[in-house]
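Asker: Using my numbering, the first residue of the sequence shown is number 149, and each one after it goes up by one.
Don't be surprised by glycine CBs; every beta carbon is placed ideally from N, CA and C.
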Amino acid sequence: MLAVGAFGGRRTRAILALITGALAITAGLAQQSPKTATPKFEVASIRPCNDAIPADRSGGTGSSPGRLTVNCGTVELLIRQAYVTYADGRLNRSGSVKIEGGPGWIHSEHYDINAKAEGSASREMMNGPMMQALLEERFNLRLHRETREIPVYALTVAKGGFRLRALPEGNCTPLDLTKPPALPDPSKKPPCRNDFSIVRKAGENGPISTLTATGLSLDLLATFLPAMVLDRPVINKTGMFGTFNFKLDFAPDETTNPIDPLIFTAIQDQLGLKLEPAKGPGEFLVIDHVEKPSEN
Numbered sequence: 149m150l151a152v153g154a155f156g157g158r159r160t161r162a163i164l165a166l167i168t169g170a171l172a173i174t175a176g177l178a179q180q181s182p183k184t185a186t187p188k189f190e191v192a193s194i195r196p197c198n199d200a201i202p203a204d205r206s207g208g209t210g211s212s213p214g215r216l217t218v219n220c221g222t223v224e225l226l227i228r229q230a231y232v233t234y235a236d237g238r239l240n241r242s243g244s245v246k247i248e249g250g251p252g253w254i255h256s257e258h259y260d261i262n263a264k265a266e267g268s269a270s271r272e273m274m275n276g277p278m279m280q281a282l283l284e285e286r287f288n289l290r291l292h293r294e295t296r297e298i299p300v301y302a303l304t305v306a307k308g309g310f311r312l313r314a315l316p317e318g319n320c321t322p323l324d325l326t327k328p329p330a331l332p333d334p335s336k337k338p339p340c341r342n343d344f345s346i347v348r349k350a351g352e353n354g355p356i357s358t359l360t361a362t363g364l365s366l367d368l369l370a371t372f373l374p375a376m377v378l379d380r381p382v383i384n385k386t387g388m389f390g391t392f393n394f395k396l397d398f399a400p401d402e403t404t405n406p407i408d409p410l411i412f413t414a415i416q417d418q419l420g421l422k423l424e425p426a427k428g429p430g431e432f433l434v435i436d437h438v439e440k441p442s443e444n
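1) Are the CB atoms of A265 and M279 within a distance shorter than 8 Å?
2) Could you tell me which of P429, L419 and A230 sits nearest to R271, measuring between CA atoms?
3) S335: which of L226, I247, G390 and C320 sits nearest, CA to CA?
4) Using only CA atoms, which one of C220, A269, S256 and A350 lies nearest to T139?
5) Helix or strand or just coil, what does DSSP make of A269?
6) Taking buried to mean at least 16 other C-beta atoms within 10 Å of its own C-beta, is R348 buried or exposed?
7) On the three-pair Cβ rule with 8 Å, is the region 409-418 touching the region 212-232?
8) Identify every residue that forms a DSSP beta bridge with K395.
9) Among the residues of its own chain, which have a CB less than 7 Å from the CB of C197, if the five just before and after it don't count?
10) Which residue marks the beginning of the beta strand (DSSP E) containing T217, and which one marks its end?
11) Do three or more CB pairs link the region 361-373 to the region 284-292 at distances below 8 Å?
12) Candidates K188, K246, P374 and V438: which alpha carbon is nearest A302's?
13) For G420, which residues in the same chain have their Cβ closer than 8 Å to its Cβ, ignoring the five residues on either side in sequence?
14) For L373, which three-state DSSP category applies?
15) Determine the extent of the alpha helix (DSSP H) in which R286 is found, giving its start and end residues.
16) At the level of alpha carbons, what is the spacing between N384 and D367?
17) Out of I194, P213 and V245, state which residue places its alpha-carbon closest to the alpha-carbon of L433.
18) Taking the continuous beta strand (DSSP E) assigned at L421, which residues delimit it?
19) My output table needs one value for F412: the three-state DSSP class, helix, strand or coil.
20) Helix, strand or coil for R296, going by three-state DSSP, please let me know.
21) How far does the beta strand (DSSP E) with S193 in it reach, from first residue to last?
22) Measure the CB-CB distance between S365 and T391 and report whether it falls below 8 Å.
23) Between which residues of its own chain and E224 is the CB-CB distance below 8 Å, once the five residues before and five after are set aside?
24) How far does the beta strand (DSSP E) with G249 in it reach, from first residue to last?
25) Which of the three DSSP states is assigned to R228 in this structure?
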C-alpha cells in the first residue's frame with residue numbers, strides 16, 4: 149500500500165492520484181472483452197477462369213446465406229468489393245476510391261471462387277470482411293489507404309435555388325444492409341430504397357438519358373454521380389439534408405467519352421444544383437504486395 153508522508157504531502161498526494169488513475173485504467177483495459185475475430189470462410193475453392201469469358205459472367209457474383217460464388221472475377225474487382233463496396237460488412241455507396249499498384253495480372257487474369265461460411269453469413273459480410281480475409285490469406289494481399297488532394301466537383305445550389313422538396317421524415321424504414329432482406333412487415337413503413345439508375349433510349353431528336361433517383365440524399369447523389377456519368381469525385385457542398393425523388397433527362401453528346409457534358413446543364417436547369425470544378429480529398433487503395441493464389 150502507498151502511504152502519504154507529512155513532508156511534501158501535497159505533491160506526494162498528487163503523484164499518488166496519478167498512479168491510482170493509471171492503475172484504474174490498466175485494470176479497466178484488462179477487464180475488456182477480447183476483440184472479435186474477423187469471420188472467415190470455412191471452405192473456399194479458387195480456380196483460374198481460363199476459358200473464353202462471356203460478358204454476362206465476367207465478375208458476376210451469386211450468394212445465398214452462408215455461400216458465395218464469384219464467376220471469372222479479376223483480383224482488382226475482388227479488392228474493390230472487399231475493401232470499398234462492402235468494406236465494413238454493409239453496402240457502401242463509394243465508387244470513387246481508386247486502386248493503385250500491383251502487377252498487371254490483377255486486371256487481366258480471372259478467377260472462379262466458391263466459398264462456404266459457417267452459419268448463414270450475409271452477402272455483405274461475405275463480400276466484405278470475409279473476402280478481405282480470403283484475399284490476405286490466399287493471395288498474400290497487403291495494402292494501405294492514402295488520402296490525397298485531387299480534382300473534384302463541388303455540388304452547390306444554383307442561383308435560381310434548389311427545385312426539389314424533401315420527402316417527409318419517417319416515410320420509409322431504413323434498410324439494415326448487414327442482414328438478409330426481411331419479409332414485408334405491414335406494421336412498418338415500406339423500406340427506404342435509395343435507388344439510383346440511368347437508362348438510355350431513343351428520342352425524337354436522338355438518344356436521351358434519363359437519370360432517376362428514389363429516396364436519395366444529396367450526399368448519396370454526390371457519391372453516385374462519378375460512377376455513372378462523371379470523371380471525378382463529387383463533394384456535397386449544398387448544406388442540405390433530407391431525401392428526395394427526382395428524374396433528370398439530358399441528351400448525351402455521343403462523340404464525347406466517357407463524360408456527357410450536358411449533364412451539367414441538366415442538373416442546373418432541372419434540379420437547381422451546380423457542379424463546379426474544385427480541389428478536395430481523394431481516397432486511394434495502394435497495393436503493397438499480392439501473389440497468385442495458393443493451391444486449393
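Answerer: Well, looking at it:
1) No, Cβ-Cβ distance for M279 and A265 is not below 8 Å.
2) Residue A230 holds the alpha-carbon nearest to the alpha-carbon of R271 among P429, L419 and A230.
3) Ranked by Cα distance from S335, the first of L226, I247, G390 and C320 is C320.
4) In the structure displayed, the chain extends from 149 to 444; residue 139 sits before or after that span and is not available.
5) Coil, per DSSP.
6) The residue in question, R348, is exposed, as its Cβ has fewer than 16 Cβ neighbours within 10 Å.
7) Result no; under three Cβ-Cβ pairs closer than 8 Å.
8) Residue pairing by DSSP places K395 opposite T360 in a beta bridge.
9) Take C197, set aside five residues on each side of it, and the residues of its chain with a beta-carbon closer than 7 Å to its own are C220, H258, Y259 and D260, in chain order.
10) Run containing T217: R215 to T222, per the beta strand (DSSP E) assignment.
11) Contact fails: fewer than three Cβ-Cβ distances are below 8 Å.
12) For A302, the closest of K188, K246, P374 and V438 by C-alpha to C-alpha distance is P374.
13) Here the set comprises V305, A306, G308, G309, F310, R311 and L312.
14) L373 falls in the helix class under three-state DSSP.
15) R286 -> alpha helix (DSSP H) spans P277 to R286.
16) The straight-line gap from Cα to Cα measures roughly 6 Å.
17) Closest option to L433, judged by alpha-carbon separation, among I194, P213 and V245: V245.
18) Counting along the chain, the beta strand (DSSP E) containing L421 begins and ends at L421 to H437.
19) In the structure shown, F412 adopts helical secondary structure according to DSSP, grouped into three states.
20) In the three-state reduction of the DSSP assignment, R296 falls in the strand class, which pools E and B.
21) Under the DSSP assignment, S193 falls in the beta strand (DSSP E) whose first and last residues are F189 to P196.
22) The Cβ atoms of S365 and T391 sit closer than 8 Å to each other.
23) Counting only Cβ-Cβ distances below 8 Å, and skipping sequence neighbours, we find I247, G250, I254 and H255.
24) Per DSSP, G249 is one residue of the beta strand (DSSP E) stretching across K246 to G249.
25) Helix.
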